[in-house]
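Have a look at the structure below before the remarks.
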Amino acid sequence: MKGSSYDHKSVESKWQKEWEDQKLFSQVELVLAKNKFYNLWMFPYPSAEGLHAGHAFASTGSDVYGRYTRMNGYTVFQPIGYDSFGIHSENYAIKIGEIPQKMLERTTKHYEQQLRSLGHAYDWTRTVTTSSLDYYKWTQWLFLQLFKSGLAHRKAALVNWCPSCKTVLSDEQVMTPAQAGKDPKDAQGKITKPKEGMFVCERCGTVVEKKELEQWFLRITDYADKLLENLGKIDWPEKIKIAQRNWIGKKEGITISYPIEGKGVSLDVWTSRPDTNFGATFVVVSPEYAKKNLINLIVEDTKQQFEEYIKSSLSKSKDDRIYEGRKKTGCFTGLFAINQLNNYKMPVWVADFVLADVGTGAVVGVPGHDKRDFEFAKEFGLEIKRVVVGSDKDESRITRIEQAQEEEGKMINSEFLDGLDIHKATKKMMDYLEKKNWGKRSKNYHLRDWLISRQRYWGAPIPMIYCQNCAKDGKSWFSSEEARNFPKIGNWKLRIGNSDWKSGGWWPEEVLPVELPEIKDYKPEGTGKGPLANHPEFYKVKCPECGSEAIRETDVMDTFVDSSWYFLRYPSVKSKSNTSMPFDTYITKKWLPVDLYFGGAEHSVLHLMYARFVTMVLNDLKYLDFEEPFPKFFAHGLMIKDGAKMSKSRGNVVNPDEYIEKYGADTLRLYLMFMGPMDGYPDFRDTGIEGMRRFIDRVWDLFVNHKDNIVVEGKDAKVILIKMHQTIKKVSADIQNFRYNTAIASIMEYVNLLRDKAQLSVVGNQLSDNSKTEKLQSDDRKPKTDIRIRCAEWDEALKTLVLLLNPFTPHLSEEVWNSFLKQKSAIQTQPWPKFDENLTIEKEVTIPIQVNGRLRATITLASDEAKNKDIVSKKARNLKNVLKSLEGKNIKETIFVPSRLINFVV
RNA sequence: GGCCAGGUGCUGGAAUGGUAGACAGGCUGGUCUCAAAAACCAGUGGUCAUAACAGACCGUGUGGGUUCGACUCCCACCCUGGCCACCA
Numbered sequence: 001m002k003g004s005s006y007d008h009k010s011v012e013s014k015w016q017k018e019w020e021d022q023k024l025f026s027q028v029e030l031v032l033a034k035n036k037f038y039n040l041w042m043f044p045y046p047s048a049e050g051l052h053a054g055h056a057f058a059s060t061g062s063d064v065y066g067r068y069t070r071m072n073g074y075t076v077f078q079p080i081g082y083d084s085f086g087i088h089s090e091n092y093a094i095k096i097g098e099i100p101q102k103m104l105e106r107t108t109k110h111y112e113q114q115l116r117s118l119g120h121a122y123d124w125t126r127t128v129t130t131s132s133l134d135y136y137k138w139t140q141w142l143f144l145q146l147f148k149s150g151l152a153h154r155k156a157a158l159v160n161w162c163p164s165c166k167t168v169l170s171d172e173q174v175m176t177p178a179q180a181g182k183d184p185k186d187a188q189g190k191i192t193k194p195k196e197g198m199f200v201c202e203r204c205g206t207v208v209e210k211k212e213l214e215q216w217f218l219r220i221t222d223y224a225d226k227l228l229e230n231l232g233k234i235d236w237p238e239k240i241k242i243a244q245r246n247w248i249g250k251k252e253g254i255t256i257s258y259p260i261e262g263k264g265v266s267l268d269v270w271t272s273r274p275d276t277n278f279g280a281t282f283v284v285v286s287p288e289y290a291k292k293n294l295i296n297l298i299v300e301d302t303k304q305q306f307e308e309y310i311k312s313s314l315s316k317s318k319d320d321r322i323y324e325g326r327k328k329t330g331c332f333t334g335l336f337a338i339n340q341l342n343n344y345k346m347p348v349w350v351a352d353f354v355l356a357d358v359g360t361g362a363v364v365g366v367p368g369h370d371k372r373d374f375e376f377a378k379e380f381g382l383e384i385k386r387v388v389v390g391s392d393k394d395e396s397r398i399t400r401i402e403q404a405q406e407e408e409g410k411m412i413n414s415e416f417l418d419g420l421d422i423h424k425a426t427k428k429m430m431d432y433l434e435k436k437n438w439g440k441r442s443k444n445y446h447l448r449d450w451l452i453s454r455q456r457y458w459g460a461p462i463p464m465i466y467c468q469n470c471a472k473d474g475k476s477w478f479s480s481e482e483a484r485n486f487p488k489i490g491n492w493k494l495r496i497g498n499s500d501w502k503s504g505g506w507w508p509e510e511v512l513p514v515e516l517p518e519i520k521d522y523k524p525e526g527t528g529k530g531p532l533a534n535h536p537e538f539y540k541v542k543c544p545e546c547g548s549e550a551i552r553e554t555d556v557m558d559t560f561v562d563s564s565w566y567f568l569r570y571p572s573v574k575s576k577s578n579t580s581m582p583f584d585t586y587i588t589k590k591w592l593p594v595d596l597y598f599g600g601a602e603h604s605v606l607h608l609m610y611a612r613f614v615t616m617v618l619n620d621l622k623y624l625d626f627e628e629p630f631p632k633f634f635a636h637g638l639m640i641k642d643g644a645k646m647s648k649s650r651g652n653v654v655n656p657d658e659y660i661e662k663y664g665a666d667t668l669r670l671y672l673m674f675m676g677p678m679d680g681y682p683d684f685r686d687t688g689i690e691g692m693r694r695f696i697d698r699v700w701d702l703f704v705n706h707k708d709n710i711v712v713e714g715k716d717a718k719v720i721l722i723k724m725h726q727t728i729k730k731v732s733a734d735i736q737n738f739r740y741n742t743a744i745a746s747i748m749e750y751v752n753l754l755r756d757k758a759q760l761s762v763v764g765n766q767l768s769d770n771s772k773t774e775k776l777q778s779d780d781r782k783p784k785t786d787i788r789i790r791c792a793e794w795d796e797a798l799k800t801l802v803l804l805l806n807p808f809t810p811h812l813s814e815e816v817w818n819s820f821l822k823q824k825s826a827i828q829t830q831p832w833p834k835f836d837e838n839l840t841i842e843k844e845v846t847i848p849i850q851v852n853g854r855l856r857a858t859i860t861l862a863s864d865e866a867k868n869k870d871i872v873s874k875k876a877r878n879l880k881n882v883l884k885s886l887e888g889k890n891i892k893e894t895i896f897v898p899s900r901l902i903n904f905v906v
């Protein structure tokens with residue numbers, strides 16, 4: 001069994017070089033390609049540590065599909081790039097005291113080397129680096145398109161502020177310490193005790209603060225409905241769609257106006273459950289709402305108390321105001337709102353648990369139906385009433401009725417809504433309120449506008465100029481004449497004449513790029529302004545409109561803006577027109593949208609939502625002719641090591657390099673794909689990868705020792721042939737469904753069979769001269785050397801094996817294809833093997849025999865016989881064990897599934 | 001609190017109404033070896049039973065149900081993981 005052993009190092013480097021030299025994976029002209037397939041993996045951000053095994057798991061998953069698709073006759077475009085602009089890269093640069101540009105030069109090189117060593121079939125001639133000038137120029141361009149469309153605007157907002165990263169964070173980047181997987185730290189970096197309601201920076205684990213700052217926002221909320229609707233049109237995992245739906249959080253409801261007693265004004269409250277409104281006993285407004293709308297109505301004697309409460313509330317961050325288990329606080333305003341349904345006088349309170357940006361910023365309190373309202377009512381001794389709606393089958397509502405009764409709540413019977421279920425009652429109430437003109441139906445969304453300003457250095461400068469002079473004059477970028485003549489685009493209209501269409505004296509930069517200067521003092525200072533604000537040579541400009549002294553925006557854009565459009569850039573990288581446009585129109589028309597997007601489920605609501613939004617905007621602006629960038633998306637799982645998510649802080653990061661070095665890229669690829677289903681959470685184990693190397697050695701051995709001079713019985717030849725066709729069928733179907741683990745398992749079965757048969761032939765050949773093997777022989781195992789498999793059939797069996805393995809182990813396959821099978825053209829260009837359905841059917845079938853559903857015996861029959869109920873039944877009943885079970889019993893019924901099973905019911 | 005995913009040998013996992021545990025890893029025993037490693041061969045859910053072969057019973061989180069037949073479908077419960085959340 002000895003032979004030359006498989007030398008993965010020389011084989012892998014040889015073929016990686018060969019693929020590169022042959023330009024196998026880089027299409028010279030994308031425009032000319034036929035049968036296009038855009039295979040995309042979410043690009044990584046080049047961290048200092050390099051790729052870990054989790055990346056390799058994901059990227060290999062994408063690569064396997066790409067290689068499979070290529071062999072099925074498609075022109076596959078599989079690009080790669082780096083999400084290198086942003087806080088993650090910058091933080092590391094700060095840590096090692098190097099400027100990000102320098103650091104990235106090194107880390108991207110390292111990434112490239114790692115990705116190449118994994119043998120991925122990337123088109124290395126078309127890479128994208130988001131921090132390069134010729135990329136972020138177009139990120140700025142994108143911002144300007146959004147601005148000109150009124151989709152980028154500036155407003156003051158209470159924002160999340162990380163005192164360590166010294167920047168604003170989006171809501172999505174703020175989480176509980178547990179979610180971030182980090183111990184919370186204070187602003188000085190000291191680890192503090194986690195407490196209820198504590199929120200930290202996703203990136204560094206520092207407890208976030210609240211700051212009121214002027215920020216740029218993108219109006220993703222304008223697209224909430226379309227983002228929601230289109231989910232029905234795309235082939236995505238249901239759980240990702242659900243996550244997006246929840247994130248958008250569209251709710252139908254009604255805004256009810258309650259007149260304020262004696263003041264001649266009313267108070268607006270949004271609710272999704274107006275059916276419970278007979279039970280409303282108070283109204284609570286947010287401090288912000290109170291400050292804006294109620295302050296002038298307050299009578300003198302309560303005013304001071306009221307103002308103090310508002311002041312203290314507004315100084316608190318959202319997270320200090322709202323967390324699980326916090327005791328409700330509040331202050332009575334002295335006002336009463338009238339519920340016109342029953343003329344109930346509802347006291348109006350202000351309380352800090354009510355949020356300004358949800359609904360109208362005011363809540364109607366229905367303590368009999370809502371836990372939170374109930375708590376508030378108990379705290380301040382407000383009346384608790386309950387409305388009986390419909391049949392009240394809903395368990396939780398029954399519980400609340402009991403609770404209300406127990407807690408001295410008053411039960412109200414509403415004839416108005418009698419006998420209706422919640423939905424009907426809600427509808428009837430809304431109709432009624434609208435008819436009476438007491439309320440108006442409206443929708444509410446959980447989705448907020450996308451905050452993109454970052455007070456940092458390492459990002460694309462927001463290409464805007466602020467001119468105080470213009471702001472004073474109240475000029476706008478378009479004259480009102482121009483604005484009126486603006487074209488209507490699609491079914492969506494540019495936001496014209498809206499007051500915040502243009503914020504003050506802000507003007508767009510028209511000559512791009514606004515280059516990010518190389519500066520040494522790029523560390524964030526936490527002043528509320530980015531480091532660029534210390535560089536007059538950057539920010540001092542002439543106003544493009546009036547020519548007076550003006551300043552540039554010194555904030556930069558969120559990384560997610562960079563990654564919201566990168567997939568559009570790849571195919572156009574080498575296009576001539578890419579200096580005048582971010583993407584070549586013709587190539588884009590041909591190559592987009594992406595055919596398969598492969599990426600992590602953790603991007604369910606961030607990147608994937610932003611990319612969809614940006615694509616929709618560009619579609620409305622007629623730059624693109626499709627609305628959805630990723631019609632098909634596969635969400636892979638996360639790799640686990642020692643039962644926990646891989647992370648640097650846990651110290652369980654697996655570096656793929658050492659495994660590639662020791663066992664080879666093919667071994668690693670195969671192992672990663674075999675560990676479990678692609679959308680699962682496989683646990684990485686060293687012993688597992690050793691087993692995989694053994695498998696590769698066995699395959700190699702098959703070619704070294706058993707390629708030629710094979711003697712196989714005719715019967716065995718048939719067995720091999722059938723197994724071959726079954727394996728092609730199974731592997732093809734499994735790859736298409738991303739079930740790589742079972743695809744590999746079936747290849748292993750196939751290899752085991754081939755080896756078994758080859759083994760016998762070796763034994764047979766050696767019988768005469770090798771006495772040691774005599775122990776292995778027995779009469780039925782001794783091959784009859786007069787019936788031989790034809791060499792061509794054995795060759796086909798081996799050839800098929802190599803082809804099936806190719807997506808998983810491309811180097812090994814290429815080497816075998818070339819050296820042993822003497823094929824000239826690359827295996828990558830070979831067609832995927834076809835199977836013959838007829839040849840997947842076994843000659844003999846083993847059928848289980850059951851009595852009353854319990855297995856009693858099995859019987860092996862020719863496949864023709866196995867289809868015949870009478871034959872199977874007759875033969876089965878003659879078996880000893882079956883006879884025993886049937887003894888003295890009457891067969892009432894015989895269940896027969898052809899070729900599958902027979903069951904006697906007695 | 002809401003939504004989602006899941007619970008199968010010692011481990012990763014197969015099996016989506018028809019022989020549960022494919023394929024691997026691990027372990028045990030054997031062959032080879034001075035020895036070890038590697039390689040190869042055999043065994044490996046549990047209990048009972050047998051000289052051995054055969055065999056019987058139990059077994060997919062728990063309890064019910066549907067079915068000739070349930071890991072798979074239905075109902076209730078328990079547990080684990082993930083996402084969202086004082087969202088009105």
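Counting in full-length UniProt numbering, the first sequence runs from 1 upward without gaps. No residue lacks a Cβ here, since even glycine has one placed at the ideal position from N, Cα and C.
By the Cβ criterion, the stretch 68–79 is not in contact with the stretch 1–21, since fewer than three pairs of Cβ atoms, one from each stretch, lie closer than 8 Å. For the pair tyrosine 82 and tyrosine 111, the CB atoms are nearer than the 9 Å cut-off. With 16 or more other CB atoms across the displayed protein chains lying within 10 angstroms of its CB, leucine 803 is buried. Taking 4 residues as the shortest admissible run, the stretch 28–98 contains the following complete alpha helix (DSSP H) segments, listed from N- to C-terminal end: 53–71, 87–96. Runs of the beta strand (DSSP E) lying entirely within the stretch 241–276, each at least 3 residues long, are 251–259, 266–271 in chain order.
Considered as a whole, the stretch 653–690 harbours 656–663, 665–674 as its complete alpha helix (DSSP H) runs of no fewer than 4 residues, in chain order.
Tryptophan 794 sits in a helix when the DSSP states are folded into three classes. Taking the Cα of isoleucine 338 as reference, the smallest distance to any Cα among Glu308, Glu383, Ser257, Asp352 is reached at Ser257. In this structure, Leu596 is the residue among Leu596, Gly664, Ser604, Val605 with its C-alpha nearest to the C-alpha of proline 631.
In this structure, the alpha-carbon of phenylalanine 306 lies about 12 Å from that of valine 348.
Within the same chain, Ile722, Ser863 come within 8 Å of glutamate 842 by CB-CB distance, once the 5 residues on both sides are set aside. Between the beta-carbon of methionine 557 and that of phenylalanine 147 there is about 12 Å, and that puts the pair past the 8 Å contact cut. Excluding sequence positions up to five before and after tryptophan 19, its CB lies within less than 7 Å of the CB of Phe25, all in the same chain and listed in chain order. Residues of the same chain with a CB within less than 7 Å of the CB of glutamate 90, apart from the 5 flanking positions on each side, are Pro100, Arg456, Tyr457, Trp458 in chain order.
If you compare the alpha carbons of Ile891, Glu383, Ile849 with that of lysine 880, the shortest gap goes to Ile849. Here tryptophan 700 is not bridged, per DSSP, to any residue. Counted as a single uninterrupted DSSP element, the stretch harbouring valine 617 is not any beta strand (DSSP E) but the alpha helix (DSSP H) occupying residues 607–620.
In this structure, the beta-carbon distance from valine 299 to glycine 264 does not fall below 9 Å. When rounded, the separation of the alpha-carbon atoms in glutamate 837 and methionine 673 is 27 Å. Taking a C-beta distance under 9 Å as the contact criterion, arginine 569 and isoleucine 465 do not qualify as a contact pair. Counting along the chain, leucine 861 sits inside no alpha helix (DSSP H); it lies in the beta strand (DSSP E) bounded by residues 854–862. Where glutamate 844 is concerned, the enclosing beta strand (DSSP E) starts and stops at 844–851. The C-alpha of glycine 691 is placed about 11 Å away from the C-alpha of leucine 670. Each residue's CA atom was taken as its position, placing aspartate 373 and alanine 243 some 28 Å apart. Boundaries of the alpha helix (DSSP H) around methionine 429: 422–435.
In chain order, Pro367, Ile384 place their CB closer than 6 Å to the CB of alanine 377, counting only its own chain and leaving out the 5 sequence neighbours on each side.
Residues of the same chain with a CB within less than 6 Å of the CB of alanine 857, apart from the 5 flanking positions on each side, are Ile849, Leu879, Asn881, Val882 in chain order. For the 9 Å CB-CB criterion, alanine 758 and asparagine 705 form a contact. For the pair leucine 104 and serine 84, the Cα-to-Cα distance works out to about 7 Å. Per DSSP, reduced to three states, the secondary structure at tyrosine 522 is coil, with no helix or strand assignment.
Judged by pairs of C-beta atoms under 8 Å, the stretch 810–821 does not touch the stretch 740–749, as fewer than three such pairs exist. Proximity to alanine 224 across Trp247, Cys204, Gly205 peaks at Trp247, based on C-alpha coordinates.
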